[in-house]
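The letter at position 361 of the sequence shown is residue 420 when you use this note's numbering, and the numbering goes up by one with no holes.
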Amino acid sequence: MAPGVPRAKNPAPRRHPRPPEPLHHPPRDSRRGPRGRCRGQPAHRLALGWAWRPLAHGLDRDGQEGTSALRAAWDRLGPSRTPRLPPPRTAIESEIPATPRYSSSGVTILVPAYNEESAVEGVVERLCGLELGVPLTVLVVNDGSTDGTGAKLKELSGRFEALKVIDHPRNMGYGAALKTGFGRAATDVVVITDADGTYPEDRIIDLLACIDGGADMAIGARTGADVHIPLIRRPAKAALRHLASFLAGATIPDLNSGLRAFRRAFVMQYRPILPDGFSFTTTITLAAMTTGHPVDYITINYAHRAGSSKIRPIRDTLGFTALIIRTVLYFNPLKVFYPLALLLLGMLLGFLSYDLFWLDEPNLGDKTVFMFVAFVQVLSVGLLADLIEKKSRL
Numbered sequence: 060m061a062p063g064v065p066r067a068k069n070p071a072p073r074r075h076p077r078p079p080e081p082l083h084h085p086p087r088d089s090r091r092g093p094r095g096r097c098r099g100q101p102a103h104r105l106a107l108g109w110a111w112r113p114l115a116h117g118l119d120r121d122g123q124e125g126t127s128a129l130r131a132a133w134d135r136l137g138p139s140r141t142p143r144l145p146p147p148r149t150a151i152e153s154e155i156p157a158t159p160r161y162s163s164s165g166v167t168i169l170v171p172a173y174n175e176e177s178a179v180e181g182v183v184e185r186l187c188g189l190e191l192g193v194p195l196t197v198l199v200v201n202d203g204s205t206d207g208t209g210a211k212l213k214e215l216s217g218r219f220e221a222l223k224v225i226d227h228p229r230n231m232g233y234g235a236a237l238k239t240g241f242g243r244a245a246t247d248v249v250v251i252t253d254a255d256g257t258y259p260e261d262r263i264i265d266l267l268a269c270i271d272g273g274a275d276m277a278i279g280a281r282t283g284a285d286v287h288i289p290l291i292r293r294p295a296k297a298a299l300r301h302l303a304s305f306l307a308g309a310t311i312p313d314l315n316s317g318l319r320a321f322r323r324a325f326v327m328q329y330r331p332i333l334p335d336g337f338s339f340t341t342t343i344t345l346a347a348m349t350t351g352h353p354v355d356y357i358t359i360n361y362a363h364r365a366g367s368s369k370i371r372p373i374r375d376t377l378g379f380t381a382l383i384i385r386t387v388l389y390f391n392p393l394k395v396f397y398p399l400a401l402l403l404l405g406m407l408l409g410f411l412s413y414d415l416f417w418l419d420e421p422n423l424g425d426k427t428v429f430m431f432v433a434f435v436q437v438l439s440v441g442l443l444a445d446l447i448e449k450k451s452r453l
């Protein structure tokens with residue numbers, strides 16, 4: 060440094076030139092256009108960018124056919140620049156309901172039994188004699204029977220290879236027996252029927268055809284020409300069925316039929332909320348109807364039962380009513396709160412009209428104010444419950 064020239068306090072750092080980037084990989088800053096476009100992308104890839112992005116991230120909801128069509132289109136545009144597409148997603152990953160044939164893993168027929176000594180032998184013989192063309196397992200859950208049902212099942216298990224028996228140490232309930240059976244079933248499709256001989260076992264093949272056609276649940280509706288339901292129970296059953304149909308927003312021919320075929324995965328999805336009592340079938344019917352699962356019905360007959368019924372008319376009817384409302388509240392709360400809010404709104408308008416037009420001195424009465432507060436509260440709770448239910452599905 061020349062004498063007399065002051066030294067800089069903070070000299071500028073010496074900059075070394077950066078090596079040039081390879082031609083095939085330009086710097087990131089130079090690849091972005093004015094609107095975020097990538098200048099290094101092929102023209103056909105930019106044109107199909109809306110389709111490429113979902114496919115690249117595994118979000119293709121069109122299945123095998125849609126992926127094949129896009130692959131063929133890209134091959135025509137530029138075979139040398141066509142990227143490798145991911146394999147098509149499975150039904151579980153893409154949330155598209157699959158429709159595999161029920162013959163893939165066989166069929167399990169699940170029979171809950173509680174004190175059915177007089178009828179269980181005939182039911183097991185008919186079920187084990189069914190010709191379904193697929194591996195068949197008849198799974199009987201002895202729900203703590205106190206008569207000779209357990210001994211009869213032990214004898215039958217030695218005669219029929221397809222029969223499997225599970226014993227509950229005590230009576231746990233119809234729904235608990237079904238949940239035990241679904242947990243032990245090793246097939247993709249499970250059929251349930253009763254051990255009292257009231258349901259036509261020969262219609263099981265028709266239920267399986269519905270499952271083969273894509274239904275998650277197929278139900279035998281007891282609306283045939285030969286249906287034996289006690290007259291004392293018919294008004295309550297009809298009222299419950301109409302209430303459930305109104306709240307679910309779909310026609311339900313039979314709310315709690317005991318002859319059904321299921322995809323096992325569908326039942327296991329709702330197993331935590333399914334009750335242990337007779338309301339198992341009612342709950343899963345409402346769950347399927349309010350959440351959009353495909354459900355098919357077939358018409359069946361219903362024979363006289365052997366032995367005495369376990370249903371308690373008054374207590375079970377009240378329980379079913381509360382269950383229907385609670386289940387619909389769980390899956391679609393607005394179906395319950397909106398009608399109640401409309402009822403309160405109508406009463407509010409009636410009281411308001413009386414206070415304003417019928418009284419000599421118009422004045423808002425206590426009933427009008429009470430109805431207004433009740434209407435606002437019910438509507439607010441309904442909207443809040445609906446938001447919570449929608450958020451829980453995310």
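Note that CB positions come from ideal geometry on N, CA and C, so glycine has one too.
- Query: Apart from the five residues just before and just after L314, which ones in its own chain have a Cβ nearer than 7 Å to its Cβ?
  - Reply: Taken in chain order, the residues that qualify are L299, R300, A303, T341 and T344.
- Compare the C-beta of L318 with all C-beta atoms of chain C and state if any pair is closer than 9 Å. In summary, chain C is missing from the structure at hand, where a single protein chain is found.
- Task: Report the residue from L306, D355 and A221 whose alpha carbon sits nearest the alpha carbon of A277.
- Result: Minimum Cα distance to A277 is reached at D355.
- If you draw a straight line from the alpha carbon of T45 to that of A172, how long is it in whole angstroms? The requested residue 45 is not part of the displayed model; the chain covers only 60 to 453.
- Look at the alpha carbon of P228 and the alpha carbon of S439, and state the distance between them as a whole number of angstroms. Their Cα atoms are separated by approximately 47 Å.
- Task: Output the distance between the C-alpha atoms of L222 and I263, rounded to the nearest integer angstrom.
- Result: If I take the Cα positions, the gap works out to 17 Å.
- By the 10 Å Cβ neighbour count, where 16 or more other Cβ atoms means buried, how is A244 classified, buried or exposed? Classification of A244: buried, given that the 10 Å Cβ count is 16 or more.
- Message: Tell me the rounded alpha-carbon separation between R185 and P392.
- Response: Going by the C-alpha atoms only, they are around 43 Å apart.
- Message: If you measure between the beta carbons of M198 and C187, is that distance less than 9 Å?
- Response: The question names Met, yet the displayed sequence has Leu at residue 198. No, these two residues do not count as a Cβ contact at 9 Å.
- Query: In angstroms, rounded to a whole number, what distance separates the CA positions of T260 and A400?
  - Reply: According to the sequence provided, residue 260 is Glu. The question's Thr does not apply to it. One Cα belongs to E260, the other to A400, and the distance between them is close to 46 Å.
- Message: Run through the DSSP bridge pairs and tell me what L222 is partnered with.
- Response: Looking at the DSSP assignment, L222 forms a beta bridge with V197.
- According to DSSP, is P171 helix, strand or coil? Three-state result, P171: strand.
- Task: Would you mind giving the Cβ-Cβ distance between A254 and V179, rounded to the nearest angstrom? I have them listed as a contact below 8 Å.
- Result: With a Cβ gap of about 5 Å, A254 and V179 count as contacting.
- Straight-line gap, T427 to D414 (C-alpha atoms, nearest Å): Taking the Cα positions, T427 is about 8 Å away from D414.
- Task: Indicate the three-state DSSP secondary structure (helix, strand or coil) for I357 in the structure shown.
- Result: Under the three-state reduction of DSSP output, I357 falls in the strand class.
- Message: At the level of alpha carbons, what is the spacing between L169 and F305?
- Response: If you draw a straight line from the Cα of L169 to the Cα of F305, it is about 31 Å long.
- Task: Look at the alpha carbon of T239 and the alpha carbon of Y329, and state the distance between them as a whole number of angstroms.
- Result: Those two C-alpha atoms are separated by around 14 Å.
- Query: Less than 9 Å separating the beta-carbons of G234 and G378?
  - Reply: Not in contact: G234 and G378 (Cβ atoms no closer than 9 Å).
- Please classify I311: does DSSP put it in a helix, a strand, or coil? Note: I311 maps to coil in three-state DSSP.
- Identify, in the order they occur along the chain, each residue of the same chain with its Cβ nearer than 6 Å to the Cβ of T386, setting aside the five sequence neighbours on each side. Within the same chain, T386 has close Cβ partners T342 and L345.
- Going by beta carbon distance, what residues of the same chain come within less than 7 Å of I270, once the five residues before and after it are set aside? Non-local C-beta neighbours of I270 in its own chain, meaning closer than 7 Å and more than five positions away in sequence, comprise Y161, V248, A277, A320 and R322, ordered along the chain.
- CB-CB under 7 Å to M348, same chain, minus the five flanking residues each way: which ones, in chain order? Within the same chain, M348 has close Cβ partners A307, A309, I311 and V354.
- Message: Quick check on K211: buried or exposed, where buried means 16 or more other Cβ atoms within 10 Å of its Cβ?
- Response: Under this definition K211 is a buried residue.
- Message: So for R281, helix, strand or coil by DSSP?
- Response: When secondary structure is reduced to three states using DSSP, R281 falls in the coil class, being assigned neither helix nor strand.
- Item | Where the alpha helix (DSSP H) containing A320 begins and where it ends | No alpha helix (DSSP H) contains A320, which is instead part of the beta strand (DSSP E) from R319 to R322.
- Task: Report the partner residues of V249 according to the DSSP bridge assignment.
- Result: DSSP, once it has assigned bridges, lists T167 and F321 as partnering V249.
- Query: T208 to N174, Cα distance in whole Å?
  - Reply: Roughly 6 Å separates the two Cα atoms.
- Between the CA atoms of F410 and D285 - distance to the nearest angstrom: The straight-line gap from Cα to Cα measures roughly 51 Å.
- Item | Paired residues, beta bridge with V179 - DSSP | Paired residue(s): none; V179 is not in a bridge.
- Task: For I155, collect the residues of the same chain with a Cβ closer than 6 Å to its Cβ; drop the 5 residues on either side in sequence, then sort them by chain order.
- Result: The predicted position of I155 is uncertain, since its pLDDT is 31 and thus under 50; a value taken from the coordinates is nonetheless stated next. None.
- Go to P398, then tell me how far its alpha helix (DSSP H) extends in each direction, as first and last residue. Unbroken alpha helix (DSSP H) run through P398: L393 to S412.
- Item | Buried versus exposed call for G181 [16 or more other C-beta atoms within 10 Å across all chains shown] | By the neighbour-count criterion, in which a residue is buried when 16 or more other Cβ atoms sit within 10 angstroms of its Cβ, G181 is exposed.
- Item | Per-residue burial, N201 [other beta carbons within 10 Å of its own, 16 or more giving buried] | N201 comes out buried.
- Output the distance between the C-alpha atoms of P146 and F390, rounded to the nearest integer angstrom. Low confidence applies to P146: its pLDDT is 34, below 50, so where it sits in the model is not reliable enough to give any reading.
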